[in-house]
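Numbering (my numbering), first residue to last: 945 to 1485.
The following block contains the structure:
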């Protein structure tokens, strides 16, 4: 008996539960049947309203299939779910078993955060999500979002789309193939190829993973990030960009391309100040000047770039090394004025051209603004050129004077003019047997050398005051090196990778890296202040 009562109680409970899941008719002007046309359907006409588990559906006409628990609505369809959403359409089918509604024809959905319009929409009330399969538009207070397909999660206020997504506001346009957008925060998260375009100044950001705050115009990307500014492009593994402040910072595998000056700067940490037209790069930075097929590489602890494109200054410091196939160098710091194509080397500078080593208190070289080719060389004060005799390493050809001026042709050093108290010492060999025949020491006011393939082929003396040629056995050993002679071959970068080698091992610590960043920032602030003061002076004049 107890078992029978328990069975009846279970059956009754299931029936009550089943009844609770049934669609309820709340109102209708006419209720009728037409078994021929719609077998098993109740036909509802005029001010139709039904309810199901917290949702109501209004329409002009409808078919209710009680057995299947399915409702088909026609004309001015309105679906409401509490105070969370209200939906309008021309037609709708609702399956109470799956709690899925399909609406089509001028579909519009409104909640507190957004308005969605499309032609066809699926509403899954169990998962609390809306899905449109073909073209939809979402509008909130900040943005208008369009895509071919999309899903909107009501509880999270999150929109997800994976096909041709477009987000537009008065300032920016975002295009992506995979995007999550939150209507309550206006944050967009991208997971595929995406582009943000700024309407005001045409700057652009490309990335394949990250987020964009449409309220603040702040973005942060961590995959294949690229920032396209007016005259330079910044690429990095990760990129932070505050558009309104004009500030960006980049990390790892950074590549800055200057499209105007034909220069590329690489490194592993950079900060860009767009409004000040300046930036600095640390952590193995290298500046690459594109010179036809043979580029010039300059490396130092820090590279600092300031000024607009027509008046740009590039500073590299400290432990600077230069590499080009036919020109290498080393110094403590380099200053390049791109407006006039002038590069100056400071503090114990040295250049190597072919077999020649060139030193002086200051070394300067210029590049042609239009062709970007090396144009001229100036070695000021205590100028010294040394060339090792390849057949006898203990012998050195030498040129010494107050200043040296050189001329390049097709990026090769062709002429050297030694000015003031010029001295030369040469080991002369037979052109056929290469046997050492004589050693010549000359003194003149000026000496000019013509070079070919980085070797001296002709010498011209001006106002020669004295000179002497010795047979090799008679040459005094104490005259074999001019005063101030220093052979620095062990410091020369022989291949491009050598520019990153330190002459003395140095332990790198995070503290030292942070210190380099702070020094770069301080230097940048100082340079910007100088520029502002100069502008004020010019305005006053």
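The beta-carbon is built from N, C-alpha and C at its ideal position, and this holds for glycine as well.
Just so we're clear, the structure is a prediction, and the values are computed from it rather than from any experiment.
Whose C-alpha, out of 1051, 1087, 1269, is nearest the C-alpha of residue 1442?
Of the listed residues, the one whose Cα sits closest to residue 1442 is 1269.
In the segment 1015-1055, which residue ranges form an unbroken beta strand (DSSP E) of at least 3 residues, counting only runs that do not cross its ends?
You should have 1029-1039, 1044-1054.
Drop a sphere of 10 angstroms on the beta-carbon of residue 1408, count the other beta-carbons inside from all chains shown, and report buried for 16 or more, exposed for fewer.
Label assigned to residue 1408: exposed.
With a threshold of 16 other CB atoms inside 10 Å of the CB of residue 1012, please say whether the residue is buried or exposed.
exposed
Which of helix, strand or coil DSSP assigns to residue 1381:
strand
Work out the CA separation of residue 1314 and residue 1300 for me, nearest whole Å.
When only Cα atoms are considered, residue 1300 and residue 1314 end up about 28 Å apart.
For residue 1092, does the three-state DSSP call read helix, strand or coil?
Residue state, collapsed to three classes: coil.
Limits of the beta strand (DSSP E) - the one that residue 1439 falls within
Taken as a continuous stretch (DSSP letters only), residue 1439 belongs to no beta strand (DSSP E), as it is neither H nor E.
Residue 1235 and residue 1317 - do their beta-carbons sit closer together than 8 Å?
When the beta-carbon positions are compared, residue 1317 and residue 1235 come within less than 8 Å of each other.
Consider the C-beta atom of residue 1361 and the heavy atoms of the ligand MN; say whether any pair is separated by less than 7 Å.
The ligand MN is not part of this structure, which contains no ligands at all.
Distance between residue 1243 and residue 1338 (C-alpha atoms, nearest Å)
31 Å
Compute the distance between the beta-carbons of residue 1123 and residue 1112, then report whether it is under 8 Å.
Going by C-beta atoms, residue 1123 is not nearer than 8 Å to residue 1112.
Local Cβ density within 10 Å of residue 1203, reported as buried at 16 or more and exposed below that:
The residue in question, residue 1203, is exposed, as its Cβ has fewer than 16 Cβ neighbours within 10 Å.
Where does residue 1414 land, buried or exposed, given buried means 16+ other C-beta within 10 angstroms?
The residue in question, residue 1414, is exposed, as its Cβ has fewer than 16 Cβ neighbours within 10 Å.
In this structure, does DSSP put residue 1300 in helix, strand or coil?
strand
Could you tell me the alpha carbon to alpha carbon distance between residue 1261 and residue 1074, rounded to whole angstroms?
So the two alpha carbons sit approximately 58 Å from each other.
Could you give the DSSP three-state label for residue 1148: helix, strand or coil?
strand
Where do the ends of the beta strand (DSSP E) carrying residue 1362 lie?
1356-1373
For the beta strand (DSSP E) holding residue 1402, just list the boundary residues, first then last.
1399-1414
How about residue 1186 and residue 1115: are their beta carbons less than 8 Å apart?
no
Please classify residue 1466 as buried or exposed, where buried requires at least 16 other C-beta atoms within 10 Å of its C-beta.
Exposed, since its Cβ has fewer than 16 Cβ neighbours within 10 Å.
Excluding the five sequence neighbours on either side, which residues of its own chain have a C-beta within less than 7 Å of the C-beta of residue 1297, listed in chain order?
By the criterion of a C-beta distance shorter than 7 Å, residue 1297 is surrounded in its chain by 1270, 1271, 1357, 1398, once the five residues flanking it on both sides are discounted.
For residue 1334, name the three-state secondary structure that DSSP assigns.
Correct three-state label for residue 1334: coil.
Distance between residue 1019 and residue 1487 (C-alpha atoms, nearest Å)
Past the boundaries of the shown model lies residue 1487; the chain is included only from 945 to 1485, so the question cannot be answered.
Please report the straight-line C-alpha distance between residue 1368 and residue 1171, rounded to a whole angstrom.
53 Å
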